[in-house]
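In my numbering, the protein residues as written are 4 to 171.
Note that the Cβ used here is the ideal one computed from N, Cα and C, for glycine as well.
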């Protein structure tokens with residue numbers, strides 16, 4: 004799977020230690036577009052006088068990356084279903100599709116765990132703990148028009164191989 008990441012920072016490896024500039028960048032994951040133009044458009048959007056140079060990272064995921072495909076029922080993703088079943092609470096793992104994955108979890112917990120509101124990052128951490136390395140079409144078609152394609156978020160940076168870095 005070839006992916007593209009736009010950044011105002013030059014680096015040699017990815018990390019989830021830094022929140023990006025994506026509009027929904029409140030999760031510790033790395034955001035990718037499925038095409039060069041989308042990543043380049045993101046670069047143009049974040050470029051400023053302080054950051055005249057911006058880069059598009061052309062990458063691929065390693066072949067053993069566990070990618071949850073939001074467009075398929077879990078029954079068609081048996082390896083993903085097993086990871087969810089083996090690790091997550093039943094109220095999460097019994098769900099058949101990504102879109103409803105956390106519905107009962109929210110209902111049961113009333114959206115709060117140990118006095119803290121459940122956030123998108125909390126859900127990402129649960130999926131990461133279950134061995135999910137990436138989520139394809141994370142925004143489910145709701146991405147901004149400048150992206151021009153599907154968004155993949157990668158939860159495990161070690162699964163990313165940088166192929167080329169383009170200065171744009």
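- Nearest in C-alpha terms to residue 45, of all of 11, 62, 77, is 11.
- If the five residues before and after residue 108 are omitted, its C-beta is found closer than 8 Å to the C-beta atoms of 92, 94, 95, 121, all from its own chain and listed in chain order.
- Judged by their CB atoms, residue 139 and residue 74 are nearer to each other than the 9 Å cut-off.
- Burial of residue 59 is indicated by the presence of at least 16 other C-beta atoms within 10 angstroms of its C-beta.
- Comparing C-alpha distances from residue 31 to each of 126, 71, 57, 166 shows the shortest one belongs to 126.
- Secondary structure note for residue 10: its beta strand (DSSP E) is the uninterrupted segment 5-10.
- Annotation for residue 60: the continuous beta strand (DSSP E) segment containing it runs 58-64.
- When DSSP states are grouped into helix, strand and coil, residue 123 belongs to the helix group.
- Bridge pairing for residue 72: 139 [DSSP].
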